[in-house]
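Encoded as structure tokens, the structure appears first; notes follow it.
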Amino acid sequence: MRKTYTWLAWTIAGCVFVQAASIAFGFGGMAGYVQGGGVVDKALVESGTASNFTGELGFPTHEIVGGMVVPLVALVLLAISFFVKVPGARKWAAILFGLVFLQIMAGYSIRDVPYVGALHGANALAVLLTAVHAARLVRRGDRATNESPTARVTV
Ligand code: HEM
């Protein structure tokens, strides 16, 4: 359980990298396409194809990882945190879940309220830091136990 908790938290941290990379890939490709005379309209966005410009795959990648993988992993992490006997494991899994929830709500609101994009981008860093903190909890807990005076073997 402790190992699973750690790996799930690292997975979320890794997903933040995928998210940043995929959206930059998508928008970078789109900007180049427009600069080259291409037109991005509603029909193209809703075409569901990924063959109009390089980087187009970044958008569905961002939506699948952000809208499905990350929330699912965060939920499983929260569920298993109840069985992990490490101080703070439940608290940090709950904080991470809350931040992921906010991140997804913000993600789906960007098109209606572009200002929310600022929150979405900044909150991604909070998700990353919290995930890394949660991932390191187990190791830190073990170290604290080993270093506690009661755990020391006296000769
Ligand atoms: C934990 C990390 C992240 C999660 C869970 C996440 C999730 C999402 C979701 C679910 C959407 C809506 C997808 C759609 O409407 O197609 C979205 C959109 C968006 N995200 Fe993220 N995201 C994350 C990180 C980031 C980062 C690091 C950036 C860039 C700095 C970013 C920029 C955007 C932008 C620009 C959109 C709007 C895309 C569009 O409307 O096509 N996201 N995100």
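Take any residue in the sequence shown, count from 1 to its spot, add 394: that is its number in my numbering. We put the CB at the ideal spot given by N, CA and C, even for glycine.
Considering only heavy atoms of ligand 1, does any lie closer than 8 angstroms to the CB of residue i?
i	result
residue 504	yes
residue 489	no
residue 457	yes
residue 453	yes
residue 447	no
residue 476	no
Quick one, are the C-beta atoms of residue i and residue j less than 9 angstroms apart?
i	j	result
residue 501	residue 460	yes
residue 481	residue 531	yes
residue 483	residue 528	yes
residue 487	residue 466	no
residue 468	residue 510	no
residue 447	residue 432	yes
residue 417	residue 453	yes
On the premise that residue j lies in contact with residue i, defined as a C-beta separation below 8 angstroms, what is that separation, rounded to the nearest angstrom?
i	j	result
residue 420	residue 450	7 angstroms
residue 522	residue 410	4 angstroms
Minimum length 3: unbroken beta strand (DSSP E) runs contained in the segment 508-548
The segment 508-548 contains no whole beta strand (DSSP E) run of 3 or more residues.
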